[in-house]
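K.L.:
Residue numbers (our numbering): 44 to 468.
Structure (structure tokens):
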């Protein structure tokens, strides 16, 4: 692109210079020739003024000194050279001037100006001034050389400006190309810079917007995969532990174990539906199904009691009477509490207490254990934040679920650890 811009600029400037220089060169030649002729005529007129009537009787005449490179001569009535310099016999221009006419001509390699000298109405002589045409051509060529130098200077400036402009145009495009290659190589953080050229800046803005959307889409897909694997693993863990407990005692009545496994499989289906709902980049505007708070916590206790009991952990649920019948977004709240219980099981200690209460028109669910939170409460819900033994997905997913339901999730105590879920009733 740079070479094309320079080439176009050179061609345009060259054409413009030719269209301007050729007529200007012709005008310079014409002006200098006419100027020299006017100067010769002026010298001839000045000399003719000094020629008196007595010169016709043979009195000597003293002509003014001519300019360097100029010949000045006086011709008598017989058209022979009387004084000064010039050809001995009058040439055509001098003979024509003898008829009483001022003559400018070019003859024999000279520019000639001939002025008649008259007394009354009678011509008594002719003053002839001449200069070699080579002298005029020297001035013309010198002027042409100056014109050529000016044209070359203009062309050089045009080339320099074209190269600078080509760099100004090509550098942002090269940067855009490099950014596109970086994105193609997987660097979705690459962004094009603005350069001050509106059209290129618009392309850079469009490309940055496209890359940002691609990055968000890929991030959303990765988060969906991580969220799905986390939630499905949590639900499958409870189902697997229940089936293993039934297998450990094959002679016992398996009906309770089968019923519990069936309930957990239904919960697994609910988990899949909820994860798929969260995976949508835009909400569909549907209202999630609601469930009474007391029923939601009872189902939660049934799912987790056996799992925690196998690890020697106790699960206690306390429900405030005024909050028992509060309608909560059932699938979403169940997913959040599953995450919080799984987090307490993996990273906490001792008894896990779940407390349901009403706070200023909202419903608060506290999940507490006897462990100590070592993470900064400000970053505990950031994706990837973990104390070890996990991927840092659960609490981040729980926060996203809470916000999707119009609620909040926060750390209310660190020793012992208390996480509080606030949901609109």
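Idealized CB from N, CA, C, for every residue including glycine. Predicted model only: the values in this text are computed from it and were never measured.
Just confirm the distance between the C-beta atoms of residue 211 and residue 235, as a whole number of angstroms; I'd bet it's less than 8 Å.
P.N.:
The Cβ separation is near 16 Å, so there is no contact.
K.L.:
Tell me which residues share the same chain as residue 178 and place their Cβ nearer than 6 Å to its Cβ, disregarding the 5 neighbours each side in the sequence.
P.N.:
Closer than 6 Å at Cβ, skipping near neighbours: 112.
K.L.:
When DSSP builds the beta bridges, which residues end up paired with residue 332?
P.N.:
Answer is none; residue 332 lacks a bridge partner.
K.L.:
Report the three-state DSSP secondary structure of residue 77 (helix, strand or coil).
P.N.:
Residue 77 falls in the helix class under three-state DSSP.
K.L.:
Taking 9 Å as the cut-off, decide whether the C-beta atoms of residue 482 and residue 457 are in contact.
P.N.:
In the structure as shown, the chain starts at 44 and stops at 468, and residue 482 therefore has no counterpart that could be examined.
K.L.:
Just to confirm, is the Cβ distance from residue 148 to residue 136 under 9 Å?
P.N.:
Yes. Within cutoff.
K.L.:
In the DSSP assignment, find the unbroken beta strand (DSSP E) run with residue 374 in it and report its ends.
P.N.:
Element bounds for residue 374: not the beta strand (DSSP E) but the alpha helix (DSSP H), 373-390.
K.L.:
Using the three-state DSSP reduction, which class does residue 58 fall into: helix, strand or coil?
P.N.:
Reduced to three states, the DSSP call for residue 58 is helix.
K.L.:
Please look up how many angstroms separate the CB atoms of residue 356 and residue 395, rounded, as I've assumed it's under 8 Å.
P.N.:
About 6 Å; that satisfies the 8 Å criterion.
K.L.:
Could you have a look at residue 368 and say whether DSSP puts it in helix, strand or coil?
P.N.:
Reduced to three states, the DSSP call for residue 368 is coil.
K.L.:
Going by beta carbon distance, what residues of the same chain come within less than 7 Å of residue 182, once the five residues before and after it are set aside?
P.N.:
Only 75 meet the Cβ criterion.
K.L.:
Do you know whose CA, among 144, 165, 151, 164, lies nearest residue 158's CA?
P.N.:
Among 144, 165, 151, 164, the Cα nearest to that of residue 158 is on 144.
K.L.:
Among residues of its own chain, excluding the 5 on either side of residue 368, which ones have a beta-carbon nearer than 6 Å to its beta-carbon?
P.N.:
Cβ within range, chain order: 335.
K.L.:
Are the CB atoms of residue 411 and residue 461 nearer to each other than 9 Å?
P.N.:
Result yes, Cβ atoms of residue 411 and residue 461 sit closer than 9 Å.
K.L.:
Please report how far the alpha carbon of residue 449 lies from the alpha carbon of residue 439, in whole angstroms.
P.N.:
Their Cα atoms are separated by approximately 16 Å.
K.L.:
Can you give the beta carbon distance from residue 71 to residue 186, rounded, assuming they're within the 8 Å contact cut?
P.N.:
Between residue 186 and residue 71 the Cβ distance is about 5 Å, and since that is below 8 Å, they are a contact.
K.L.:
In the stretch 141-183, which residue ranges form an unbroken beta strand (DSSP E) of at least 3 residues, counting only runs that do not cross its ends?
P.N.:
146-150, 153-162, 165-175, all fully within the stretch 141-183.
K.L.:
Please classify residue 243: does DSSP put it in a helix, a strand, or coil?
P.N.:
Helix at residue 243.
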